[in-house]
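Order-wise, the sequence lines are chains A and B. Throughout the first sequence, residue numbering follows the numbering used here, covering 3 to 193 in sequence. Throughout the second sequence, residue numbering follows the numbering used here, covering 11 to 193 in sequence. Cβ coordinates follow ideal geometry from the N, Cα and C atoms, glycine included. Worksheet: the structure to be examined is printed underneath.
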Amino acid sequence: MPDDQTNLLANGPPDDGRLREALLAMPLHSPPRSVLPALTERLARTRRERAPRRWIPLAAAAAICALALLPFLRSADLAAPVETPPASIADDGSTAALIAQNQVFESALRSAAFGSRPLSARDALAGAGIEDLIGMLDLELSAASDPATSKDLWQQRLVLLQELAAVRASGSNPDLTAQAMNLPPSNYQLN
Amino acid sequence: MTSFAIDIPASTIARLKAGEQAALEQVYRLFERPAYTLAWRLLGDRDEAQEVLHDAMLALIDRIGQFRGDAPFWGWLRQICVNEALMRLRKRRLDYVEEVPEPEALARGLEPAIDSADLERALDALSPTARSVVWLYYVEGYTHEEIARCFERTVSFSKTQLARATHKLRELLEVKKHHAAHA
Numbered sequence: 003m004p005d006d007q008t009n010l011l012a013n014g015p016p017d018d019g020r021l022r023e024a025l026l027a028m029p030l031h032s033p034p035r036s037v038l039p040a041l042t043e044r045l046a047r048t049r050r051e052r053a054p055r056r057w058i059p060l061a062a063a064a065a066i067c068a069l070a071l072l073p074f075l076r077s078a079d080l081a082a083p084v085e086t087p088p089a090s091i092a093d094d095g096s097t098a099a100l101i102a103q104n105q106v107f108e109s110a111l112r113s114a115a116f117g118s119r120p121l122s123a124r125d126a127l128a129g130a131g132i133e134d135l136i137g138m139l140d141l142e143l144s145a146a147s148d149p150a151t152s153k154d155l156w157q158q159r160l161v162l163l164q165e166l167a168a169v170r171a172s173g174s175n176p177d178l179t180a181q182a183m184n185l186p187p188s189n190y191q192l193n
Numbered sequence: 011m012t013s014f015a016i017d018i019p020a021s022t023i024a025r026l027k028a029g030e031q032a033a034l035e036q037v038y039r040l041f042e043r044p045a046y047t048l049a050w051r052l053l054g055d056r057d058e059a060q061e062v063l064h065d066a067m068l069a070l071i072d073r074i075g076q077f078r079g080d081a082p083f084w085g086w087l088r089q090i091c092v093n094e095a096l097m098r099l100r101k102r103r104l105d106y107v108e109e110v111p112e113p114e115a116l117a118r119g120l121e122p123a124i125d126s127a128d129l130e131r132a133l134d135a136l137s138p139t140a141r142s143v144v145w146l147y148y149v150e151g152y153t154h155e156e157i158a159r160c161f162e163r164t165v166s167f168s169k170t171q172l173a174r175a176t177h178k179l180r181e182l183l184e185v186k187k188h189h190a191a192h193a
């Protein structure tokens with residue numbers, strides 16, 4: 003106990019304020035052993051357990067939207083040219099490749115082919131929700147210092163961009179979606 | 011002010027939610043001693059305090075996604091620690107109206123001069139429940155309503171426990187001072 007605290011108590015029975023001061027002046031104690039190793043292990047296990055559950059639906063969505071996006075990347079009637087991945091972008095799963103793929107999808111989404119088409123209210127709402135998620139990921143990316151975390155966030159962002167492309171494509175341009183699915187266009191009439 | 015009152019940047023909390031280990035280490039190192047000390051004060055047992063620190067920090071990992079930022083992070087984490095500690099107190103099936111030893115009897119075992127251990131010993135002489143109420147009220151700044159909720163008891167329970175415990179602490183410290191003066 004510090005001298006001032008000793009004097010405080012020695013001067014008489016403490017009133018509530020003095021008792022409070024004396025208690026607050028008591029030193030902090032350190033635990034005999036750190037629990038950090040156990041926490042680190044739990045954190046790693048938690049991340050492993052969450053990863054499959056999160057990626058299964060996202061991977062399925064990515065596969066579906068990749069089909070829907072294909073006509074936009076190849077269609078000749080696009081008002082603006084769509085950037086395609088340069089040959090140097092190898093899909094090797096590296097962070098650099100993920101960033102490049104993000105940029106390609108963003109360019110495609112910014113193109114007139116996506117931006118000028120009308121959307122249903124449901125698709126517009128879904129698109130806005132995905133854009134919010136992308137915005138949150140951008141915030142996390144700006145704060146991420148760990149390379150592994152950054153890579154994980156870029157991967158999630160890519161999947162969200164693919165989902166956004168799928169929402170805009172399937173909801174607003176049934177003909178192109180149908181084309182991607184090898185179906186006849188909506189104005190096709192049977193003889 | 012409570013030693014728990016440490017403000018954490020929102021970016022650190024976001025990184026913690028994202029499962030970043032560096033953020034976890036940062037938060038742990040800041041709150042390790044306040045959490046351990048709080049658990050020790052409430053339980054009066056170092057080993058159990060260590061277990062509370064362990065369990066509370068694991069709970070932090072599991073529940074960080076539920077933290078919405080409506081209140082300070084330190085208050086949220088402190089409540090986890092308090093709940094973990096009080097859960098252990100309840101498992102002991104303590105009688106909430108347990109009386110503390112008589113001050114005179116206790117004073118016979120104390121050293122004649124007031125030293126740094128006096129307040130510590132006086133606290134140890136209280137029942138775990140009384141000591142917890144004293145600590146939550148005076149040090150952590152809980153209200154009687156908040157203490158009553160923690161113990162799942164009434165506000166009157168909190169006020170009665172605090173009044174009795176404060177009186178006992180005063181008596182213990184006064185007796186100690188009296189003995190020191192006549193030594």
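Query, Result
"Sub-8 Å separation of S168 (chain B) and L96 (chain B) beta-carbons", "no"
"Interface flag, V149 (chain B) vs chain A, CB-CB below 8 Å", "yes"
"Neighbourhood of D57 (chain B) by C-beta, 8 Å cutoff - its chain only, sequence neighbours within 5 removed", "none"
"Sequence-distant residues of the same chain with beta carbon closer than 8 Å to E156 (chain B), five excluded per side", "L146"
"Buried versus exposed call for D65 (chain B) [16 or more other C-beta atoms within 10 Å across all chains shown]", "buried"
"At least three beta-carbon pairs within less than 8 Å, the segment 158-171 of chain A to the segment 35-46 of chain B", "no"
"Contacts of V106 (chain A) in chain B (Cβ-Cβ under 7 Å)", "The premise fails here: V106 (chain A) is roughly 25 Å from chain B at the closest Cβ pair, so nothing lies under 7 Å."
"S109 (chain A): contacting residues in chain B (beta-carbon distance under 9 Å)", "By Cβ distance, chain B contributes nothing, its closest Cβ being about 27 Å from S109 (chain A), past 9 Å."
"Contacts around S152 (chain A), its chain only, beta-carbon distance under 7 Å, and the 5 residues preceding and following it disregarded", "T97, L143 and A146"
"N- and C-terminal bounds of the alpha helix (DSSP H) containing P44 (chain B)", "Q31 to L53"
"Residue of B:L63, B:L34, B:A132 and B:R88 minimising C-alpha distance to L25 (chain A)", "B:A132"
"Short CB-CB distance (under 8 Å) between S13 (chain B) and chain C", "Reference to chain C is not applicable here, since the protein chains of this structure are A and B."
"Extent of the continuous alpha helix (DSSP H) run through V92 (chain B)", "F83 to K101"
"Proximity below 8 Å, CB of D125 (chain A) to CB of V169 (chain A)", "yes"
"For L155 (chain A) and R100 (chain B), the rounded distance between their alpha carbons", "43 Å"
"Outcome for H177 (chain B) when other beta-carbon atoms lying within 10 angstroms are tallied against a minimum of 16", "exposed"
"Sub-8 Å separation of V144 (chain B) and L172 (chain B) beta-carbons", "yes"
"Exposure label - M67 (chain B); buried when at least 16 CB within 10 Å", "buried"
"A254 (chain B) versus F83 (chain B) - alpha carbon distance", "An answer regarding residue 254 (chain B) cannot be provided, because it is not within the stretch 11 to 193 covered by chain B."
"Q31 (chain B) beta carbon less than 8 Å from that of L139 (chain A)", "no"
"Spatial neighbours of Q105 (chain A) in its chain, beta-carbon cut-off 7 Å, leaving aside the 5 residues before and after", "none"
"Against chain A: residues of the segment 60-78 of chain B by CB proximity under 7 Å", "Q60, L63, H64, M67, L68 and I71"
"Opening and closing residue of the alpha helix (DSSP H) in which A24 (chain B) lies", "A20 to K27"
"Minimum Cβ-Cβ distance from E114 (chain B) to chain A less than 8 Å", "Model confidence at E114 (chain B) stands at a pLDDT of 44, short of 50, so the residue's coordinates are unreliable; what they give is reported in the following sentence. Chain A, which has no Cβ nearer than 8 Å to the Cβ of E114 (chain B), makes this no."
"Contacts that E142 (chain A) makes with chain B (C-beta to C-beta distance below 7 Å)", "A24 and A28"
"Test item: CB-CB of Q157 (chain A) and L100 (chain A) under 8 Å", "yes"
"Within-8 Å CB hit, E35 (chain B) to chain A", "yes"
"C-beta neighbour in chain B for V37 (chain A), strict 8 Å", "yes"
"Option nearest R174 (chain B) by Cα separation, candidates B:I71, B:T139 and B:G151", "B:T139"
"CA-to-CA distance, R73 (chain B) to L63 (chain B), given in whole angstroms", "15 Å"
"Delimiting residues of the alpha helix (DSSP H) encompassing H157 (chain B)", "Here the sequence assigns Ile to residue 157 (chain B), which means His is not the residue at that position. From DSSP, the alpha helix (DSSP H) with I157 (chain B) extends over H154 to F161."
"Beta carbon of A59 (chain B) nearer than 8 Å to that of I90 (chain B)", "no"
"Unbroken alpha helix (DSSP H) run spanning G131 (chain A), endpoints", "A123 to A145"
"Residue-level contact to chain B via CB, A99 (chain A), 8 Å cutoff", "no"
"Beta-carbon proximity check, H31 (chain A) vs Y46 (chain B), cutoff 8 Å", "yes"
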